[in-house]
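A.B. asks:
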Ligand SMILES: [Fe+2]
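Residue numbers (our numbering): -18 to 240.
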C-alpha cells in the first residue's frame, strides 16, 4: 500500500512511544464511568459508505428525504422540524429512516468537546466547545492537556455496540485531498479499527493503542461481541511531535493512493 503517512505495511503512525499511554490505560474505568454518565450521545453517522448503499443512519436519512413516497418525505420533514435539540432531531430521523429502509446505526458518537460548526474547524480550540458530557471526563481532559498538542479541538468518543461493525466509509461529505489535519486516535479496548485500501480490497488494522493517520483514508471497524470504544482528539501537534514522528517536512498528509 502506498501512503504518505506511515509505511506500505502500516499506513498509520504509532504514537504509543510519544505519549503517556500507561496513563491512558490507568484512566480506563474513569472513561467508562464518563460514558455511562453521558447524556449527549449521537447515533453514529458516516460519510460515503462503500460496501452497502443505505446501511447507516446518515444515508438512510438522506435517502428518506428524497423518497418517491410522499408519506415518507412528510414524516421525515415533521421529525426534522419538530422542537428539540439537534441531537433529538437526528435520533428521531435516524430511527425512522433506519426502520423504513433497514439501515442501522452501529453505535454512538459521544462528544467531550463538540464541534458546533463545520468539519474543517474541528482542530481548533476557538471553534470547538465543551459538551454537556464534559464534566464527566475531567481526568481524561487533564491527561489530554499534557499531550504534545499546541491546540486541542474536538474530543469525541466513538462507541460501537456489540455485534455492530462500522461500515467502510470515509469521513465528511466530500474528499479533501490535501490537508494537514492532525489528531490522535486512541483505544484502551483493542477496537478492531482498520484503514481500507480499495484497490487491494485489504484492511490494515491499527494494532496499537494510539495512532495518527490520514484522516481522509477510508476506514471501518469490525463487529465485536462486546462494546468497543475509541477516542479521537483533533488538534494541532507541537513541532516537536511532528519531527519525532517524521511528518514535519510533508506538504500534506493525504494518502491519495488509497482511492
Ligand atoms: Fe469515520
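For each residue, glycine too, the CB sits at the ideal point set by N, CA and C.
From which residue to which residue does the alpha helix (DSSP H) around residue 77 run?
C.D. replies: 67 to 82
A.B. asks: For residue 53, write down the residues that DSSP places opposite it in a beta bridge.
C.D. replies: Residue 53 pairs with nothing; no bridge assigned.
A.B. asks: DSSP on residue 29, reduced to helix/strand/coil?
C.D. replies: Note that residue 29 scores 46 on pLDDT, short of 50, meaning its location in the model is unreliable; the coordinates nonetheless yield the value given after this. Correct three-state label for residue 29: strand.
A.B. asks: Using C-beta distances below 7 Å, list every residue in its chain close to residue 23, excluding the 5 sequence neighbours before and after it, in chain order.
C.D. replies: Within the same chain, and ignoring the five residues on either side of residue 23 in sequence, the residues whose Cβ sits closer than 7 Å to its Cβ are 68, 71, 89, 90.
A.B. asks: Output needed for residue 64: all residues of its chain with C-beta closer than 8 Å, excluding positions within five of it in sequence on either side, in chain order.
C.D. replies: none
A.B. asks: Would you check if the segment 163 to 174 and the segment 193 to 203 touch, i.e. whether three or more CB-CB distances between them fall below 8 Å?
C.D. replies: A contact exists between the segment 193 to 203 and the segment 163 to 174.
A.B. asks: Three or more C-beta pairs closer than 8 Å, one from the segment 126 to 141 and one from the segment 219 to 235: is that the case here?
C.D. replies: yes
A.B. asks: Per DSSP, which residues does residue 112 bridge with? Please list them.
C.D. replies: Answer is none; residue 112 lacks a bridge partner.
A.B. asks: Considering only the alpha carbon of each residue, which of 199, 121, 6, -9 lies closest to residue 149?
C.D. replies: 199
A.B. asks: Measuring from the CB of residue 56, is there a heavy atom of ligand 1 at a distance below 7 Å?
C.D. replies: no
A.B. asks: Between residue 2 and the rest of its own chain, which residues show a CB-CB distance below 7 Å, the 5 nearest in sequence each way excluded?
C.D. replies: Counting only Cβ-Cβ distances below 7 Å, and skipping sequence neighbours, we find 190, 191.
A.B. asks: At the level of alpha carbons, what is the spacing between residue 168 and residue 120?
C.D. replies: Approximately 16 Å between the Cα atoms of the pair.
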